[in-house]
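Numbering (this note's numbering), first residue to last: 920 to 1328.
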Amino acid sequence: MKITAADVIVTSPDRNFVTLKITTDDGITGLGDGTLNGRELAVASYLADHVAPLLIGRDPHRIEDTWQFLYRSAYWRRGPVTMAAIAAVDVALWDIKAKAAGMPLYQLLGGASRNGIMAYGHASGRDLPELFDSIRLHLELGYRSIRVQTSVPGVDAVYGVAAQPSIDGKRYDYEPAQRTPLPAEEDWDTRAYLRHLPGVFEAVRNEFGPELPLLHDGHHRMTPIQAARLGKDLEPYDLFWLEDCTPAENQEALRLVRQHTTIPLAIGEVFNTVWDYQTLIREQLIDYVRSAVTHTGGITAMRKLLDYAAQYQIKSGIHGPTDISPVGMAAALHLDLAIHNFGIQEYMRHGAATDEVFRQSFSFTNGYLHPGELPGIGVELDEEAAARFPYQAAYLPFNRLKDGTVHDW
Ligand code: GCO
Ligand code: MG
């Protein structure tokens, strides 16, 4: 078998997505997701201008060889653009291999290790009544684990809180990218946040009881000592995890947090290789690996990363917001089903237009996702529908403190 074409499709049904479609001489095609929120065209160019020409004529079955070739022959290693591009190729090749084998991808990864994949959804509210409504709505939608984000008194706009009713006319989806010519400015006050959040979790526990798994995303905004304090303050409310408590480029920072709190820690949605986790995993400074298949070199690299984590009883918590396309989500689900050290999967539902462009075989029933039984990853791209939604510039917001200093968002 030989690769005859590698086409990059950029489409913006509800938001921008970058998809790679690899075609082979016997007619099998494979899809990979290379979406990098707010920097989509950089990956599209990396793929179309620098990777696609190298793929023509190669044997699509040689996945490990192609991965190593793309990683090493570029000379310039790592980084979100490079690793998203490699991920797109890698997932498309796994899709082709599994279609050629006539099996869903999870079978090639060792078969199912569980019946279904526990997913968590995003509840948010500007105040407690709104937050409680949002949690109830998620429970009605079938979610059995819930991430809780709220506004902070005195802060106008906060990451993770839905600003307006979503596509279904109800308040449950948070979409960070905004179709604006410039990044929107939000504000931040860490002391106000640290004072406010424990009371919110106390109220949620009182209302919904002790069993419901609750998660929270700190979105890189705290210093290590602030994160340590928040972890301690949240311990009575038994969180499933506290995510991205510090900007974890400095892996040693997590040692300090760990010394002060037993709250489970999840990190890594902005990471893109195993090297970003080396200290974190070896010293057992985290409990969950948050990387996306889409941003971390695909199935090949994620499998190695999660197998490494498994040696230390660290589990998966694969990144799955709406800026991971249905292709990237499906790839994650096959991996989730196959690995032993699965923890939880993030799942935000895509909008109707996205579902029209990407036909999916995965299901969400009673809080559990399943990738389905179609050969490959189980997603098909409707290229005519995709063409009806051209790229639209969109940016993530950013934060400033009250005095105007730029802060982590
Ligand atoms: C999450 C993330 C997202 C990111 C988004 C940026 O936990 O799902 O923090 O909400 O902000 O992926 O593009
Ligand atoms: Mg996050």
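Just so it is clear, CB atoms sit at the ideal spot from N, CA and C, and this is done for glycine as well. On a predicted model such as this, the values are computed, not experimentally measured, just so you know.
For residue i and residue j, I'd like the C-alpha separation in whole angstroms.
i, j, result
"residue 1314", "residue 1104", "11 Å"
"residue 1036", "residue 963", "31 Å"
"residue 1168", "residue 946", "43 Å"
"residue 1194", "residue 991", "15 Å"
"residue 938", "residue 1007", "7 Å"
"residue 1052", "residue 1291", "31 Å"
"residue 953", "residue 1210", "14 Å"
"residue 974", "residue 1016", "15 Å"
"residue 1203", "residue 1253", "26 Å"
"residue 1299", "residue 1279", "7 Å"
"residue 1159", "residue 1094", "23 Å"
"residue 1317", "residue 1081", "16 Å"
"residue 1086", "residue 930", "Reliability of the predicted coordinates at residue 1086 is poor, the pLDDT of 45 falling under 50, and the value obtained from them is presented with this limitation in mind. For residue 1086 and residue 930, the distance between alpha carbons rounds to 18 Å."
"residue 958", "residue 1297", "26 Å"
"residue 1090", "residue 1066", "Model confidence at residue 1090 stands at a pLDDT of 49, short of 50, so the residue's coordinates are unreliable and nothing is read from them."
"residue 1224", "residue 1218", "10 Å"
"residue 1328", "residue 1011", "32 Å"
"residue 1222", "residue 1027", "12 Å"
"residue 1255", "residue 1188", "16 Å"
"residue 1231", "residue 1261", "13 Å"
"residue 1025", "residue 1134", "27 Å"
"residue 1068", "residue 982", "40 Å"
"residue 1172", "residue 1004", "30 Å"
"residue 1220", "residue 1077", "33 Å"
"residue 1000", "residue 1106", "28 Å"
"residue 1226", "residue 1201", "12 Å"
"residue 1121", "residue 1258", "34 Å"
"residue 1132", "residue 1155", "13 Å"
"residue 1228", "residue 1142", "25 Å"
"residue 1190", "residue 951", "19 Å"
"residue 1180", "residue 943", "52 Å"
What's the call for residue i, buried or exposed, on a 16-neighbour Cβ count within 10 Å?
i, result
"residue 1034", "exposed"
"residue 870", "The displayed coordinates of the chain run from 920 to 1328. Any statement about residue 870 would go beyond what the structure contains."
"residue 934", "buried"
"residue 1177", "buried"
"residue 995", "exposed"
"residue 1320", "exposed"
"residue 1125", "exposed"
"residue 1324", "exposed"
"residue 1099", "exposed"
"residue 1144", "exposed"
"residue 1038", "buried"
"residue 1059", "exposed"
"residue 1301", "exposed"
"residue 1265", "buried"
"residue 1116", "buried"
"residue 1339", "The structure shown has nothing for residue 1339, since the chain only spans 920 to 1328."
"residue 1282", "exposed"
Helix, strand or coil, according to DSSP, for residue i in the structure here?
i, result
"residue 1150", "helix"
"residue 1311", "coil"
"residue 986", "helix"
"residue 954", "coil"
"residue 1220", "helix"
"residue 1170", "coil"
"residue 1074", "coil"
"residue 973", "helix"
"residue 944", "coil"
"residue 922", "strand"
"residue 964", "helix"
"residue 1025", "helix"
"residue 1273", "helix"
"residue 1204", "coil"
"residue 1318", "strand"
"residue 1107", "strand"
"residue 1195", "helix"
"residue 938", "strand"
"residue 1113", "helix"
"residue 1215", "coil"
"residue 1255", "helix"
"residue 1049", "helix"
"residue 1190", "coil"
"residue 1120", "helix"
"residue 1267", "coil"
"residue 1232", "coil"
"residue 1141", "coil"
"residue 1261", "strand"
"residue 1128", "coil"
Quick check: is any heavy atom of the ligand ATP less than 6 Å from the C-beta of residue i?
i, result
"residue 1117", "In the structure shown, the ligand ATP is absent; the only ligands present are the ligand GCO and the ligand MG."
Please confirm if residue i has its CB atom under 7 Å from at least one CB of chain C.
i, result
"residue 1142", "The structure shown has no chain C; it contains just one protein chain."
Next item on the list: Flag this pair as touching only if the stretch 968-985 and the stretch 1176-1191 have three or more C-beta atom pairs under 8 Å; answer yes or no.
Entry: With a cut-off of 8 Å on Cβ pairs, the stretch 968-985 is not in contact with the stretch 1176-1191, counting fewer than three such pairs.
Notebook entry, point to check: Using 8 Å as the Cβ pair cut-off and three pairs as the minimum, do the stretch 1301-1310 and the stretch 1020-1035 touch?
Noted result: Taking 8 Å as the limit for Cβ pairs, the verdict is that the stretch 1020-1035 does not touch the stretch 1301-1310.
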